[in-house]
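Numbering (this note's numbering), first residue to last: 89 to 265.
Think of the CB as a built atom: it goes at the ideal place given N, C-alpha and C, for glycine as much as any other residue.
Here the structure is a predicted model, which means the values were calculated and not measured.
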Amino acid sequence: MNKAARIFLVFLGLVFLGGALLLVVVNYNLLPDLALSLPRWADEMVTLATAAVLFLIAVIFIALGLRSAGRKPGNALLKGSEYGEVLISITAVENMVLRVIQQTQGIKDVSRQVTYTPDGLVVRVRIRVMPDITLPGLVNDLQNRIKEYLEEITGVTVNEVKVMVENIIVDQAVSKK
89 MNKAARIFLV
99 FLGLVFLGGA
109 LLLVVVNYNL
119 LPDLALSLPR
129 WADEMVTLAT
139 AAVLFLIAVI
149 FIALGLRSAG
159 RKPGNALLKG
169 SEYGEVLISI
179 TAVENMVLRV
189 IQQTQGIKDV
199 SRQVTYTPDG
209 LVVRVRIRVM
219 PDITLPGLVN
229 DLQNRIKEYL
239 EEITGVTVNE
249 VKVMVENIIV
259 DQAVSKK
């Protein structure tokens with residue numbers, strides 16, 4: 089979210105907050121002159137409920153506007169160096185994972201997801217494998233290769249590599265018999 093959008097969200101939140109406060113002031117007649125110039129609501133509960141809804145909307149808008157300001161991009165890894173910051177997109181890291189998987193014999197289909205946590209990268213891989221392959225050996229080798237490759241190339245710690253074997257690819261000629 090860009091800076092203008094964040095400023096707009098905070099401004100909109102403040103407008104809603106002002107509206108909620110105005111409804112409370114009118115409801116409790118805290119400023120008698122103002123209350124006379126505004127039409128009275130028929131029901132105090134409706135006024136308070138409306139003020140509460142406006143207040144919640146205001147809090148959400150302000151929180152969204154302020155929260156985004158302090159965050160680094162969610163789709164990039166931040167790596168500091170002596171010359172400045174280096175951003176590596178999550179998509180680039182996912183493609184690095186794909187490269188390692190494609191070089192592994194016996195794996196045919198793959199989906200991958202990389203998330204960045206304070207402890208390091210968490211890689212989730214879903215694979216379909218060829219039949220008659222020892223799964224524990226394949227998965228262990230794949231986890232080690234992904235971890236070593238990413239740490240070597242990106243310089244970021246890989247905290248976890250989770251592999252899910254979704255299916256075994258059955259030869260279509262065998263399955264039709």
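The three-state secondary structure of residue 170, taken from DSSP, is coil. For residue 255, the three-state secondary structure derived from DSSP is strand. Between residue 186 and residue 246, the beta carbon gap of about 15 Å keeps them out of contact (Cβ cut-off 8 Å). Between residue 100 and residue 145, the alpha-carbon positions lie close to 9 Å from each other. For residue 208, the pairing in a beta bridge is given by DSSP as 205. 148 is the residue among 218, 132, 136 and 148 whose C-alpha sits nearest the C-alpha of residue 97. Remark: C-beta atoms of residue 256 and residue 219 approach each other more closely than 8 Å. Distances from the CA of residue 244 to each of 181, 188, 198 and 222 were compared; the closest alpha carbon is that of 181. Residue 202 is positioned such that its CB atom lies closer than 8 Å to that of residue 178. When DSSP states are grouped into helix, strand and coil, residue 232 belongs to the helix group. Spatial neighbours of residue 142 in its own chain (CB-CB distance under 8 Å, excluding positions within 5 residues in sequence) are listed in chain order as 104, 105, 107, 108 and 111.
Considering only 154, 229 and 250, the residue with the shortest C-alpha distance to residue 92 is 154. Note: residue 217 is bridge-paired with 195 and 256 in the DSSP secondary-structure output.
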